[in-house]
Each structure stands twice: as C-alpha cells, then as structure tokens.
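Q:
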Amino acid sequence: MARPFDVNAVETKWQQYWMDHGTYEVDNDDPRERYYALCMYPYPSGAAHQGHVRNYTFGDLIVRYQTMRGKAVLSPFGFDSFGLPAENAAIKAGSHPRVFTEARMAELKASLVRLGAVYDWRRTFNSHDPEYMRWSQSIFLAFLKNGLAYRAEAPVNWCPGCMTVLANEQVNADGTCDRSGDLVVRRNLEQWFFRITDYADELLADVDELAWPERVKSMQRNWIGRSEGVEFALTFAHDASKSLRVFTTRPDTGFGVTYAVVAPEHPLLDELTTPEHRDAVDDLVARANAATEMERTTSSSEGVGLDKRGAFTGSYVINPFNAERVPVYVADYVLGTYGTGAIMAVPGEDERDFDFALAYGLPVIHTVQPPGDFEGGSYHGDGVHINSGFLDGLDVAAAKERATEFLVDHAGGLRKVNFRLRDWLVSRQRFWGCPIPVVYCDAHGIVPVPEEQLPVLAPDDVVMDKTGQSPLATHEGFLHTTCPICGGPARRETDTMDTFTDSSWYFLRFADPFSTDRAFDPAEVAKWMPVSQYIGGVEHAILHLLYARFYTKALIDIGLATGVEREPFARLFTQGMIRYEGTKMSKSKGNLVTPEPYFTTVGADGLRLFHLFVGPPADNVDWTDQTEDMIEGCARFIDRVYRLCQYDDVFFHEERSELDLAVERAVHRTIARVTNDLERWSYNTAVAALMELLNVISKTARASTGIDRATLDEALDAMLLMLAPMTPHVSAELWEQRHPDAPSVHGQAWPEADPRLVVHEFVTMVVQINGKVRARLEVAPELSDEEASALALANEDVVSALNGAKIQRVVARAPRLVNVIV
RNA sequence: GCCCGGAUGGCGGAAUUGGCAGACGCGGAGGCCUCAAAAGCCUUUACUCGAGAGGGUGUGUGGGUUCGAGUCCCACUCCGGGCACCA
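Using my numbering, read the first sequence as starting at 2 and increasing by one per residue.
1) Just the C-alpha distance for glycine 833 and valine 821, rounded to the nearest angstrom, thanks.
2) Considering only residues of the stretch 705 to 766, which uninterrupted beta strand (DSSP E) runs meet the minimum length of 3 residues and lie entirely inside it, listed in chain order?
3) Helix, strand or coil: how does DSSP classify glycine 1 here?
4) Who does glycine 538 pair with in a DSSP beta bridge?
5) Which same chain residues, not among the five before or five after tryptophan 224, have their C-beta less than 6 Å away from its C-beta?
6) Whose C-beta lies closer than 6 Å to the C-beta of threonine 125 among residues of the same chain, with five residues either side of it excluded?
7) Give me, in chain order, the residues of the same chain whose beta-carbon lies closer than 6 Å to that of leucine 600; leave out the 5 immediate sequence neighbours on both sides.
8) Between threonine 553 and valine 565, how many whole angstroms is the CB-CB distance? I'm expecting something under 8 Å.
9) Would you check if the distance between the CB atom of valine 774 and the CB atom of valine 767 is smaller than 8 Å?
10) Candidates Leu758, Arg817, Ala667 and Val463: which alpha carbon is nearest glutamate 783's?
11) So which of Phe521, Leu205, Leu556 and Lys218 has the shortest CA-CA distance to valine 418?
12) Quick check: the Cα distance between proline 824 and leucine 509, rounded to an integer number of angstroms?
13) Per DSSP, proline 490 is paired with what?
14) Could you say which of Gly604, Val27, Asp81 and Ala343 lies nearest to asparagine 9 if we only look at CA atoms?
15) Find the nearest neighbour of phenylalanine 511 within the set Thr502, Asn56 and Glu525, judged by alpha-carbon distance.
16) With distances taken between CB atoms, is the gap from arginine 644 to proline 98 smaller than 8 Å?
17) Between the C-alpha atoms of glutamate 797 and alanine 791, what's the straight-line distance to the nearest angstrom?
18) Quick check on the burial criterion: 16 or more other C-beta atoms within 10 angstroms. Buried or exposed for aspartate 424?
19) Among residues of its own chain, excluding the 5 on either side of alanine 261, which ones have a beta-carbon nearer than 8 Å to its beta-carbon?
20) Label cysteine 487 either buried or exposed according to how many other C-beta atoms from any shown protein chain fall within 10 Å of its C-beta, with 16 as the threshold for buried.
21) According to DSSP, threonine 236 sits in a beta bridge with which residue or residues?
22) Could you give the C-beta distance for tyrosine 57 and leucine 113, rounded to a whole number, given that I count them as a contact under 8 Å?
23) What does the alpha-carbon distance come out to for the pair proline 161 and serine 683?
24) Taking the alpha helix (DSSP H) that arginine 188 belongs to, which residues open and close that run?
25) Glycine 537 and aspartate 40 - do their beta-carbons sit closer together than 8 Å?
26) Could you have a look at asparagine 796 and say whether DSSP puts it in helix, strand or coil?
27) From the DSSP output, read off the bridge partner residues of asparagine 419.
28) What residue ranges within the stretch 28 to 70 form continuous beta strand (DSSP E) runs of no fewer than 3 residues, ordered along the chain?
29) For proline 364, count neighbouring C-beta atoms within 10 Å of its own C-beta (all shown protein chains included) and say buried if the count is 16 or more, exposed if not.
30) Could you check the C-alpha separation between arginine 135 and serine 82 for me, to the nearest Å?
31) Assign asparagine 89 to buried or exposed, taking buried as 16 or more other Cβ atoms, counted over all protein chains shown, within 10 Å of its Cβ.
32) From valine 812 to valine 622, what distance separates their C-alpha atoms?
33) Within 10 angstroms of its Cβ, does phenylalanine 101 collect 16 or more other Cβ (buried), or is it exposed?
34) On a CA-only basis, which of Gly340, Asp21, Asp396 and Val166 is nearest tryptophan 122? Give me that one, please.
35) Among residues of its own chain, excluding the 5 on either side of lysine 243, which ones have a beta-carbon nearer than 6 Å to its beta-carbon?
36) Could you say which of Pro460, Gly616 and Ile579 lies nearest to phenylalanine 432 if we only look at CA atoms?
This is the structure:
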C-alpha cells in the first residue's frame with residue numbers, strides 16, 4: 002500500500018515523545034478524579050502476538066480516553082516473571098531461567114512500546130525483582146503469623162512431567178497437567194497451604210456485587226461450590242457408643258438410605274472392617290491409592306455403575322430414621338477430602354448411589370414420588386414424600402426442614418455448610434519462583450526467616466537438571482543455615498511459592514511501588530483501589546481472580562492494607578480470544594501471528610484500529626484470509642483522514658449554508674455516539690461512527706458546492722480528538738500539523754456534544770399499512786401523534802396504496818412511525 | 001447431565017427501550033483517471049419474480065403474544081464455553 006505519510010517515522014516520533022515527556026506518569030497526590038486502568042500481569046512469553054495486541058489496544062484506549070476525560074489515570078506495567086516455561090527452557094538450554102526470562106521481557110516490552118501503549122514507567126517492577134520478592138516473602142510470613150499459612154501432609158497432585166505438586170486448579174478434568182499434559186498422580190507430602198477456605202463465604206457472597214461478566218461470576222460461584230446440609234451420626238450396629246458422621250444435602254431422603262459409604266482413606270475404615278472382609282477392603286484401598294484423583298472422581302463414558310468400585314466392610318450402622326441396619330461399604334466414589342469423607346447412600350434419589358447400588362445389588366427405595374413419565378433410575382426433582390414415615394406427604398423443601406430438625410434432636414445433627422473450595426496449596430518443588438522464607442531447626446521446628454534477612458534469594462550457581470527435585474534441595478550453600486532463634490544448624494525450606502501468589506498482590510504494589518520499608522503504604526493504595534477497569538483473558542476467570550480477591554481481603558484483615566476496598570477489581574472485562582483455524586493461537590501450535598510485520602506496513606495505528614473494529618471486544622476473533630484485507634481497510638481509513646486533513650481535493654465556499662449545518666450536526670451526533678460507545682465497550686460501532694462521519698465530511702467537502710472553511714476545521718479537529726485514544730500516533734501528528742502551538746492532542750479535553758445539534762432537524766417517518774412500509778416522509782421531530790396520523794393519511798402514496806380500503810385503526814408513534822390497519 | 005453464552009447477506013458484524021432489518025467495513029460487479037498498471041475516486045451489491053415501474057420473501061426451526069417481533073414468551077435444533085461422582 003502506498004501511504005500518504007511515513008507511518009514508521011511518525012509512530013516512532015510520538016512513542017519517543019510520550020516517553021520523553023512522561024505523558025502518562027501520574028503522582029499519588031494528583032488532585033484529579035482517579036482512574037486505575039490495568040491489564041492483567043503478563044507472563045513474559047516472548048514477542049507479542051495478536052492476543053497481546055488486542056488486550057493492550059483496549060487498555061491503552063481506556064488510559065488515553067479517561068485522561069482526556071480529565072481524570073488522573075494510573076497506568077502501570079510489569080511482568081509476572083516467575084514460572085515454569087522459563088525453568089523448562091533453562092533446563093533444555095543449560096542456562097539460568099533469569100537469562101531466558103529477561104530476554105523475553107525485553108522482547109514483549111519492545112512490542113508494546115511499538116504498539117503505542119503508554120505507562121507510568123517509574124512504577125514498573127517484576128515478580129523476580131529482589132525488592133518485590135522481599136515483600137512477597139514478608140506477606141507469606143504475615144500469613145504464617147496470622148494462621149493463614151500452615152504446613153500439612155496432604156495427598157497432592159504430582160505431575161511427573163513438571164516434577165512438582167500442582168494446585169487442583171492446574172489439573173484438567175481428564176486428570177492431566179494443565180501445562181505439560183502428563184497424567185497427574187497422587188502422593189502424600191508435607192506442603193504449605195493458605196487458608197483460603199476461611200474466606201469461602203465472603204468470596205462467594207461478594208461475587209454478587211461485582212460488575213463482572215456473568216460468565217466469570219458463575220465460574221467463581223461454581224468453583225467455590227457452597228452447599229447447605231446437615232452432618233449427623235450413623236451409630237454402629239455392633240457398638241452403640243460409636244458412630245460414623247456423614248454429611249448430606251438431602252436429609253429428607255433419610256428413609257431411603259439402604260447403605261453407607263466411607264472413603265478409602267477414612268480413619269474409621271480399619272475399625273469397621275471385619276476379618277473376613279479384610280482382603281477385599283485392602284485390595285480396594287490399594288487400588289484407590291494407585292489411581293489418580295481424577296481417575297477416581299471421573300465417571301467412565303461407558304455409563305452405568307461398573308466404574309464405581311467398592312467393597313463391603315462387614316459392618317452395619319443404624320439408620321436413625323427407621324432404626325434399620327444398613328451395610329457400610331468402602332468405595333472410591335466417596336472422597337476423603339470433602340464433607341466428613343463418609344455418606345449415607347440413597348439410590349432412589351441420587352444417581353451415583355443408584356449406579357453403585359445397581360452394581361452391588363443393593364436395594365433402591367424411592368422416597369419422593371416421581372412424575373408419571375419417570376423412566377426409572379434415581380429421581381432428583383421435587384415431589385411428595387412417600388415411604389418416609391413422618392415425612393410422608395411433604396414436599397422436598399418442607400421435608401428437608403423436618404428431617405433436619407429430627408437429626409438435630411435425635412442423631413447428633415448439625416446444620417452445616419460445605420464448600421467445594423479447598424485450601425490453596427502454595428508449595429512448588431521448583432527453582433524459578435519466590436523461595437518460601439522459613440528454616441527448619443531441630444530444636445525449634447519451623448522458624449520464620451527474620452524480616453531483616455529478607456529477601457531469601459536463590460543462588461545463581463545452580464545446576465538445572467531433571468532429577469525431580471528443585472536444584473535448591475541439593476544446593477549445599479543454600480540448604481544449610483543457622484536457626485534465627487538458637488543459632489544452631491538449620492535447614493532452609495527449598496520449596497518456592499506458587500507463581501499465582503505473585504499476581505495476587507502486584508496491583509496493590511503498583512499503587513505505591515516506592516515504599517522501601519513495607520510492601521506498600523495502605524493509605525496510598527487506598528487512594529487508587531479498587532482497580533477501575535481490569536482487562537484480561539477469560540482463562541484467568543477462576544484461579545487468578547479468586548486468589549487475588551483472597552489476598553486483598555486477607556491483607557486487609559491482618560492490618561497490612563487497612564482502608565483498602567475489600568474487592569480489588571470493581572469492573573472486569575474479559576476480551577475474546579484470537580483463533581486460527583478454529584483453535585486458540587499459541588506458540589506450541591506454531592500458529593502465532595506476530596504484530597511486527599504489520600507495524601512496518603499498516604503501522605501500529607492500523608493494527609489497533611483493526612482490533613477495535615473487527616467485532617465486539619468480548620467476542621473471539623477468527624484470523625482468516627480475509628483478516629489481511631480488513632486490516633488494510635483500516636489503514637485506508639487512516640489515509641483518508643490524513644489526506645482530508647491536507648485539504649486534498651477540497652472545495653471551499655464563502656457563505657455558510659445548510660450543507661455546513663448538516664456537517665456540524667453530523668459531528669455532534671458522532672461525538673454523542675462515540676462517547677456512548679466507548680463507555681459501553683462497543684468499540685467496533687465507535688469506529689463505524691467515525692467512518693460514517695468521515696464519509697459525510699469528505700462528500701460535502703469534495704462536492705463542487707464546497708464547504709465552509711471553519712466548519713471543515715472544526716469537524717476535522719473533532720475527528721482527531723475522537724481518534725486520539727484509538728490511533729494515537731497519526732492523531733498526534735495531524736493535531737500537531739494543525740495546531741503547532743497547542744499541546745498534544747492527548748492533552749486536550751474529550752469533545753462534548755451540543756445537545757441542540759445532536760437532534761435531527763428532520764427525521765424520516767415510516768408509514769406502514771398492516772405492518773408493511775408503504776411510504777417514508779420527512780417530518781419535524783417534535784410532531785404529535787395526531788399530526789403524524791393526519792400527515793400519513795394525507796400522503797398520496799398512502800392514499801393510493803390504501804386504494805379505498807376501510808381503515809380499522811391507526812397506530813401512531815410520532816415521529817418515527819404510523820401504522821394503518823385495514 | 002447441570003450452568004452460562006450464541007445463531008442476522010459471500011465474509012466480519014450493526015440495529016442501546018418491541019417500531020425503516022442488513023449501519024460500517026471486507027469481498028464482488030461496473031465505471032472514472034492512466035499509454036498501461038498501482039494507488040485513488042465514483043456507482044452498485046440480502047434473496048427472488050420482473051425489461052422496467054413495481055411486487056414477493058427474509059434474522060437457526062416450530063408455535064405464541066402484539067397494530068407491529070432479530071428483539072418478548074413456550075418448545076426444539078445446532079455451535080461455543082464452563083462445571084461435572086463435592087453427597
């Protein structure tokens with residue numbers, strides 16, 4: 002494409018200008034209204050791809066737009082620089098992860114600068130900066146001191162490929178590792194946890210108040226998984242002094258209990274197992290232990306029952322509802338980590354119990370009357386209770402209440418709320434992360450590293466190999482230290498923190514990255530928080546957002562973030578993915594389309610405009626053969642603006658006329674539309690409105706009838722002001738050409754629409770006969786319904802279309818429409 | 001299985017409150033400029049019948065509400081995403 006100006010020269014000129022002038026630096030004591038715009042902390046994966054371009058184009062538009070709206074806009078940037086890919090690459094290349102990471106950081110940062118994204122670079126930091134690590138560790142110790150961090154042995158998800166423990170969130174539904182795809186296995190290890198479950202209720206309740214996409218909110222609710230029920234005791238048949246506690250959400254189905262189940266790891270299993278069933282039970286337990294968590298918790302696609310494996314323990318318990326003996330089984334479909342690790346089984350109303358009962362020949366009793374067309378199996382709907390003694394005749398809700406009361410009175414029942422959410426496992430047996438700052442002393446046990454010794458930094462002289470252990474675990478210099486309490490020999494913790502901890506508080510530090518004596522000054526942070534607009538991919542809908550919410554609440558509660566809003570992200574926007582031939586673009590698939598070639602052809606402005614214009618920001622974009630043409634179309638639009646600003650082929654006239662008024666009205670209507678569209682994340686229609694405006698201006702100015710000089714100049718200025726957040730480089734360049742003495746376009750105020758010019762002078766009224774359009778007439782907007790009807794019925798096209806038919810009714814909605822019913 | 005989205009020309013999409021369906025752009029067709037091309041500019045472009053004027057049809061499918069439905073209600077089909085032995 003031949004361009005009317007040197008795109009690359011213009012773009013680098015303005016990028017340099019913004020950097021040199023600190024245009025987007027903002028101080029914490031800025032008196033203007035505050036706005037905190039933030040794109041999610043990026044992992045430095047290398048040169049930018051179109052997903053980054055899209056993300057940062059939206060973010061940059063908001064920063065520039067809100068600045069023009071007169072706000073003090075906080076726009077920080079830094080890297081989530083710890084993480085597995087760097088470590089794996091370093092192992093492969095035999096180098097240090099830092100070398101790899103910092104090279105990638107430089108690449109991505111250069112791409113973003115080249116895109117024209119602007120930041121307050123004074124505030125930048127990265128997760129692996131010693132200063133940031135110091136406060137990450139300090140926060141860990143504060144959690145430890147306040148009982149929010151603890152160490153426990155737990156069955157954990159171990160990925161043989163990554164050679165580390167994974168959080169539940171990092172294990173896919175099919176039991177494979179989210180990163181490497183290896184099959185995850187279970188192991189028992191001593192691990193560090195954060196007590197996120199203490200916040201389960203608040204994390205769930207506060208979701209309702211968030212201005213987030215409904216989809217993301219529902220994912221969070223789903224993940225937290227609150228369920229209300231009752232926990233009660235099933236007394237042993239052979240020893241009335243002992244009992245098995247179970248949790249259920251369906252106490253109303255108690256009369257349908259035909260057996261009970263304990264998880265293979267249940268502490269009472271041994272006691273419940275009789276000698277003649279010992280072998281079968283041991284066999285089942287061994288098999289369950291060998292299986293992965295996911296193998297145990299995922300039903301086979303073959304369907305009915307056969308995949309649920311269990312064994313009779315030989316013992317019985319008493320069903321408190323009807324005093325009947327029911328057998329106790331051990332089965333792999335009951336999890337030791339949820340509820341009490343034991344259940345009452347009701348095959349009549351529970352699908353899983355039904356499958357198991359079918360496979361093991363256990364009786365099925367229906368306690369809720371299913372509807373007539375019920376096909377059999379278990380029934381989960383509402384209905385009248387049957388076979389249920391004192392509950393007969395009640396619906397599910399009423400029976401639940403009566404049964405709960407009964408259990409509370411007669412079976413040690415307690416109303417209970419259980420959550421699917423588990424505590425957050427934060428230990429990682431990896432090198433490239435933030436070391437957990439504790440030491441182990443034979444005399445004093447777990448001892449926190451004193452604050453003044455932070456940060457604990459990993460040594461540089463490590464051997465990155467594939468032994469299955471972090472190189473820290475075998476590094477003698479790192480490993481051996483002295484106990485801060487007694488000075489005796491001690492061993493350092495060699496695990497590092499999950500990198501999600503780094504991204505759980507970075508947004509707080511961005512508000513006050515200058516503190517040297519603490520992670521941040523809460524008073525400074527409170528000025529900016531919550532983040533006004535958070536932007537990122539939907540892939541972080543559960544993990545990152547939940548952890549960051551937890552950190553914020555926890556930091557407030559332990560006094561480190563006093564006065565800060567409890568919900569960190571007021572508004573969240575999740576942008577669509579860029580896809581290529583139906584799949585997500587990714588480096589591993591080799592289908593990345595990098596922005597660099599476009600920077601040199603259509604420029605950053607052209608590419609930005611494409612991403613804004615291609616469709617709704619929340620929708621996915623399919624990168625196809627057509628995409629190139631659309632990008633060129635966007636560059637073509639920029640060129641047309643450029644040429645018009647040079648007055649190419651423009652005719653001027655002396656006297657202002659109706660033609661000029663029409664242009665002026667179009668300008669103000671466009672200002673109103675674009676402003677509204679930008680506020681509601683409708684960037685594609687905002688661009689369309691500007692294209693329409695250009696068509697109007699250009700048509701008028703290039704017609705032989707000509708345009709008034711002042712009208713054209715005002716229209717072009719308005720155009721450039723509105724384009725400034727979208728195509729910042731060319732807008733700044735043209736503004737400078739037109740206003741050599743005025744500040745840069747980005748220092749100008751956003752234009753205001755004059756309401757008197759926004760309304761149309763005439764509007765097109767449609768006349769329908771039986772709902773079909775038969776005539777269009779130009780009318781004044783303030784026309785009344787009566788006038789509209791009269792006008793419509795007098796119109797000759799309407800009269801001829803009616804052809805003398807008898808009018809039944811006339812519906813008038815002035816000034817838009819009149820519908821004549823015949 | 002459950003929960004969220006979504007389905008509109010050849011393509012990306014627009015229609016903010018129930019009121020002109022298809023804005024804007026891409027692609028296509030024709031033209032201007034040019035020795036020629038590129039670039040640029042202009043016209044046209046939902047489908048269909050018609051030489052034309054003009055008519056008919058049309059927003060995944062089938063019903064419904066309404067003077068009027070892409071928009072609201074009911075039933076369904078397909079596509080995308082999330083959750084899925086959590087008792």
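Where is the CB? At the ideal position from N, CA and C, for every residue including glycine. Predicted model only: the values in this text are computed from it and were never measured.
A: The answer reads as follows:
1) Since the first residue of the chain shown is 2 and the last is 823, residue 833 is not available in this structure.
2) none
3) Shown here, the chain extends from 2 to 823; a query on residue 1 therefore has no answer.
4) Your numbering for residue 538 matches position 537 in the first sequence. Paired residues: Gln576.
5) Your numbering for residue 224 matches position 223 in the first sequence. Here the set comprises Ile543.
6) On the first sequence, residue 125 is found 124 positions in, with the first residue counted as 1. Same-chain partners within the cutoff: Phe78 and Gly79.
7) Start at 1 with the first residue of the first sequence, and residue 600 comes out as number 599. Sequence check: residue 600 is phenylalanine here, not leucine. The residues are Arg115.
8) Residue 553 sits at position 552 when you count from the first residue of the first sequence. Residue 565 sits at position 564 when you count from the first residue of the first sequence. Indeed, because the Cβ distance is near 7 Å, the residues count as touching under 8 Å.
9) To locate residue 774, count along the first sequence from 1; it is residue 773. To locate residue 767, count along the first sequence from 1; it is residue 766. Cβ distance < 8 Å, so valine 774 and valine 767 count as in contact.
10) As a first step, residue 783 must be located in the first sequence, where it is residue number 782. Among Leu758, Arg817, Ala667 and Val463, the Cα nearest to that of glutamate 783 is on Arg817.
11) Along the first sequence, one-based indexing puts residue 418 at 417. Selected option, being the one with the closest Cα: Leu205.
12) With the chain running from 2 to 823 in the structure shown, residue 824 is simply not present.
13) To locate residue 490, count along the first sequence from 1; it is residue 489. Thr483.
14) Taking the first sequence and counting its residues from 1, one reaches residue 9 at position 8. Answer by Cα proximity: Gly604.
15) If you number the first sequence from 1, residue 511 lands on position 510. Here the closest residue by C-alpha is Glu525.
16) On the first sequence, position 643 is the one that residue 644 refers to. On the first sequence, position 97 is the one that residue 98 refers to. No, the Cβ-Cβ distance between arginine 644 and proline 98 is not below 8 Å.
17) Walking along the first sequence from the start, residue 797 turns up at place 796. Walking along the first sequence from the start, residue 791 turns up at place 790. Roughly 12 Å separates the two Cα atoms.
18) Translated into positions along the first sequence, residue 424 becomes position 423. With 16 or more other Cβ atoms within 10 Å, it is buried.
19) Taking the first sequence and counting its residues from 1, one reaches residue 261 at position 260. Excluding sequence neighbours, alanine 261 sits near Leu235, Leu245, Val247, Val318, Val327, Pro328, Val329, Tyr330, Ala343, Ile344, Met345 and Ala346.
20) As a working note, residue 487 is residue 486 in the first sequence. The residue is exposed, with fewer than 16 neighbouring Cβ atoms inside 10 Å.
21) For the purposes of this step, residue 236 is taken as residue 235 along the first sequence, with counting starting at 1. Paired residues: Ser244 and Ile319.
22) Sequence index remark: in the first sequence, residue 57 carries index 56 (1-based). Sequence index remark: in the first sequence, residue 113 carries index 112 (1-based). At roughly 6 Å, the Cβ-Cβ gap stays under 8 Å, so tyrosine 57 and leucine 113 are in contact.
23) As a working mapping, residue 161 is identified with position 160 in the first sequence. As a working mapping, residue 683 is identified with position 682 in the first sequence. If you take the alpha carbons of proline 161 and serine 683, they lie about 45 Å apart.
24) In the first sequence, the residue the question calls residue 188 occupies position 187. Run containing arginine 188: none in the alpha helix (DSSP H); it sits in the beta strand (DSSP E), 186 to 195.
25) For the purposes of this step, residue 40 is taken as residue 39 along the first sequence, with counting starting at 1. For the purposes of this step, residue 537 is taken as residue 536 along the first sequence, with counting starting at 1. Residue identity check: residue 40 is cysteine in the sequence provided, not aspartate. Going by C-beta atoms, cysteine 40 is nearer than 8 Å to glycine 537.
26) For the purposes of this step, residue 796 is identified with residue 795 of the first sequence, where counting begins at 1. Coil at asparagine 796, not helix or strand.
27) Here residue 419 refers to the residue found at position 418 of the first sequence. Paired residues: Ser228.
28) 35 to 40
29) Taking the first sequence and counting its residues from 1, one reaches residue 364 at position 363. Exposed.
30) Residue 135 sits at position 134 when you count from the first residue of the first sequence. Residue 82 sits at position 81 when you count from the first residue of the first sequence. So the two alpha carbons sit approximately 15 Å from each other.
31) Stepping through the first sequence from its first residue, residue 89 is reached at position 88. Buried is the call here.
32) Here residue 812 refers to the residue found at position 811 of the first sequence. Here residue 622 refers to the residue found at position 621 of the first sequence. Their backbone Cα atoms lie some 43 Å apart in a straight line.
33) Mapped onto the first sequence, residue 101 falls at position 100. Phenylalanine 101 is buried by the Cβ-count criterion.
34) Counted from its first residue, the first sequence places residue 122 at position 121. The candidate whose alpha carbon is nearest that of tryptophan 122 is Asp21.
35) To locate residue 243, count along the first sequence from 1; it is residue 242. Around lysine 243: Phe237.
36) On the first sequence, position 431 is the one that residue 432 refers to. It is Pro460 whose Cα lies nearest to the Cα of phenylalanine 432.
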